[in-house]
Amino acid sequence: MLLPALDWHPQPRLEPLPLDWLALAGVEVAVLRLDQIDPLISGNKWFKLVHHLRAAQEAGAEGVMSLGGAYSNHLHALAAAGKRFGFPTLGLLRGHPMDTPTVRDLNAFGMQLHWLGYGGYRERHAADFWGPWQARYPQLYPVPEGGSGLAGAQGCMAWVASVREQLARLGWADYHGWWLACGTGTSLAGLVLAEAGERPVYGVLAVPEDHGVASQVERIVTAAGLTPARYELLDGSRGGFARVDAQLSDFISTTGVIELEPLYTGKALMLLKAQIEAGRFARGTRLIFVHTGGLQGRRGLE
Ligand SMILES: *Cc1c(COP(=O)(O)O)cnc(C)c1O
Numbered sequence: 220m221l222l223p224a225l226d227w228h229p230q231p232r233l234e235p236l237p238l239d240w241l242a243l244a245g246v247e248v249a250v251l252r253l254d255q256i257d258p259l260i261s262g263n264k265w266f267k268l269v270h271h272l273r274a275a276q277e278a279g280a281e282g283v284m285s286l287g288g289a290y291s292n293h294l295h296a297l298a299a300a301g302k303r304f305g306f307p308t309l310g311l312l313r314g315h316p317m318d319t320p321t322v323r324d325l326n327a328f329g330m331q332l333h334w335l336g337y338g339g340y341r342e343r344h345a346a347d348f349w350g351p352w353q354a355r356y357p358q359l360y361p362v363p364e365g366g367s368g369l370a371g372a373q374g375c376m377a378w379v380a381s382v383r384e385q386l387a388r389l390g391w392a393d394y395h396g397w398w399l400a401c402g403t404g405t406s407l408a409g410l411v412l413a414e415a416g417e418r419p420v421y422g423v424l425a426v427p428e429d430h431g432v433a434s435q436v437e438r439i440v441t442a443a444g445l446t447p448a449r450y451e452l453l454d455g456s457r458g459g460f461a462r463v464d465a466q467l468s469d470f471i472s473t474t475g476v477i478e479l480e481p482l483y484t485g486k487a488l489m490l491l492k493a494q495i496e497a498g499r500f501a502r503g504t505r506l507i508f509v510h511t512g513g514l515q516g517r518r519g520l521e
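Residue numbering for the sequence shown follows my numbering, starting at 220 and increasing by one per position.
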């Protein structure tokens with residue numbers, strides 16, 4: 220039963236971000252709180268799923284199967300949605316059975332789990348990867364890792380309308396650009412498509428540059444037929460994905476007005492601070508920072 224899920228249209232709230240280093244630079248930031256759309260279904264991952272769920276419904280599937288690691292925000296959002304809206308979910312996990320808070324939640328949400336090992340998980344990009352799983356679970360629709368691709372990006376386009384509807388409440392006549400963390404760049408691509416060149420989108424890479432984010436974004440933007448696209452990717456990976464150094468943990472714990480996690484949102488806001496201090500944005504600039512969620516994944520890291 221995928222239809223009830225397709226009828227859910229959560230509206231993320233836009234909130235001012237009162238931080239001294241912003242005030243000092245005369246730059247205003249408002250946060251789009253994807254982390255707070257729901258107590259269980261959190262972050263950008265819900266939006267990246269929506270068009271995949273629609274495709275699943277159109278294909279006549281009953282439920283969805285997808286991939287992720289033992290801390291995956293994507294599998295967490297998918298499993299929570301399956302439980303909430305009553306459709307079956309199957310998770311194919313990286314590595315060998317592990318007991319993390321995320322995995323406990325996946326089980327509690329009723330997601331069926333298969334552990335693929337590391338070698339098995341590396342096969343996920345192979346052309347015939349899904350064949351055997353579809354033969355085994357013909358009623359489940361396969362969704363790529365993280366809900367990526369053009370379908371994933373299309374779900375994120377809605378954020379532009381959400382923000383524009385809420386500007387007046389903040390007393391903003393307009394905004395000058397977007398700032399967000401990138402893993403695959405799918406969410407950034409959605410914003411780039413929706414802005415269609417009107418405002419720039421700045422993406423902070425949470426993964427090293429050799430992860431192919433730039434080409435992934437180009438692929439989505441080209442598939443949608445958009446030229447010219449206005450975005451910039453900045454390296455915020457700090458030596459690797461899931462690398463947490465003392466400066467980053469310090470920054471997160473001293474940024475008391477908003478909860479951040481160290482993999483994505485912490486890195487993104489920290490690089491914004493560095494760029495503002497380096498004079499990238501003139502006084503009077505107004506930016507939207509997307510809180511992409513991920514707070515559930517933090518539980519295993521503390
Ligand atoms: C997955 C994720 C991202 C990255 O999103 P992409 O669309 O892959 O770039 C950013 N932040 C959080 C918290 C995430 O879980």
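We treat Cβ as the ideally placed atom computed from N, Cα and C, and that holds for glycine.
None of these values were measured; they are calculated from a predicted model.
Could you tell me whether any non-hydrogen atom of ligand 1 is closer than 6 Å to the CB of residue i?
i    : result
G459 : no
N326 : no
S456 : no
A370 : no
G336 : no
T321 : no
S261 : no
G431 : no
A345 : no
T511 : yes
S291 : no
G305 : no
T209 : An answer regarding residue 209 cannot be provided, because it is not within the stretch 220 to 521 covered by the chain.
S434 : no
A400 : yes
G288 : no
G365 : yes
S406 : yes
Is the separation between the beta-carbon of residue i and that of residue j shorter than 7 Å?
i    : j    : result
S285 : V362 : yes
L309 : Q276 : no
S456 : V426 : yes
A408 : Y483 : no
A300 : V322 : no
L452 : G498 : no
H507 : L241 : The identity of residue 507 in the sequence shown is Ile, whereas the question assumes His. No, they are not a contact pair.
K267 : G350 : no
H333 : L369 : no
L225 : R273 : yes
L424 : M376 : no
S381 : P231 : yes
R518 : P316 : no
A244 : W265 : no
Can you tell which of the options has its C-alpha closest to the C-alpha of residue i?
i    : options                   : result
L236 : R313, R505, G516 and H270 : R505
F500 : P419, L445 and G516       : P419
D239 : H344, P351, L479 and T473 : T473
G485 : I495, G513, R502 and G458 : G513
H510 : R355, G459, L445 and W397 : W397
L480 : F460, A493, G305 and T403 : For the record, residue 480 in the displayed sequence is Glu; it is not Leu. When each option's Cα is compared against that of E480, the closest is F460.
A280 : G287, H395 and H271       : H271
D454 : A465, Q494 and F508       : Q494
G366 : G287, P447 and L243       : G287
I256 : G503, W227, Y394 and Y360 : W227
G340 : E364, L445, V246 and S468 : Position check: residue 340 holds Tyr in this sequence, whereas Gly was assumed. Per the Cα distances, E364.
Could you give the first and the last residue of the continuous alpha helix (DSSP H) run that contains residue i?
i    : result
D469 : A465 to T473
H270 : N263 to E277
S406 : T405 to E414
R161 : Residue 161 lies beyond the range of the chain shown here (220 to 521); nothing can be said about it.
W334 : Counting along the chain, W334 falls outside any alpha helix (DSSP H), though it belongs to the beta strand (DSSP E) covering Q331 to W334.
W378 : A377 to L389
For the putative contact between residue i and residue j, defined by C-beta atoms under 8 Å, what is the C-beta separation to the nearest angstrom?
i    : j    : result
G371 : T405 : 4 Å
Y450 : V463 : Not really, about 26 Å apart at Cβ, beyond 8 Å.
Q358 : G282 : 6 Å
L253 : L294 : Rounded, the Cβ-Cβ distance is 17 Å, inconsistent with contact.
F306 : M220 : 5 Å
L410 : L233 : About 14 Å; that fails the 8 Å criterion.
G335 : R355 : According to the sequence displayed, residue 335 carries Leu and not Gly. Actually they are not in contact, since the Cβ atoms of L335 and R355 sit about 13 Å apart, beyond 8 Å.
G516 : N292 : 5 Å
Y360 : A278 : 6 Å
Between which two residues does the beta strand (DSSP E) harbouring residue i extend?
i    : result
F508 : R505 to H510
M317 : Unbroken run through M317: none, as it is neither H nor E.
K356 : Checking the sequence shown, residue 356 turns out to be Tyr, not Lys. No beta strand (DSSP E) holds Y356; DSSP gives it neither H nor E.
W398 : G396 to C401
P223 : Run containing P223: none in the beta strand (DSSP E); it sits in the alpha helix (DSSP H), L222 to L225.
L286 : G282 to G287
D239 : It is not in any beta strand (DSSP E) - D239 instead sits in the alpha helix (DSSP H) that spans D239 to A244.
R232 : R232 to P235
L251 : E247 to R252
G485 : No beta strand (DSSP E) contains G485, which is instead part of the alpha helix (DSSP H) from T484 to E496.
E451 : Y450 to D454
Q435 : Not the beta strand (DSSP E): Q435 falls in the alpha helix (DSSP H), residues V432 to A442.
G422 : V420 to L424
Ligand 2 and residue i: does the residue's C-beta get closer than 6 Å to at least one heavy atom of that ligand?
i    : result
Y483 : Judged by which ligands are present, ligand 2 is missing from the structure shown, whose ligands are ligand 1.
Looking at the C-beta of residue i, does it have a partner C-beta in chain C at a distance below 7 Å?
i    : result
R343 : Annotation note: the requested chain C is absent from the structure, which comprises a single protein chain.
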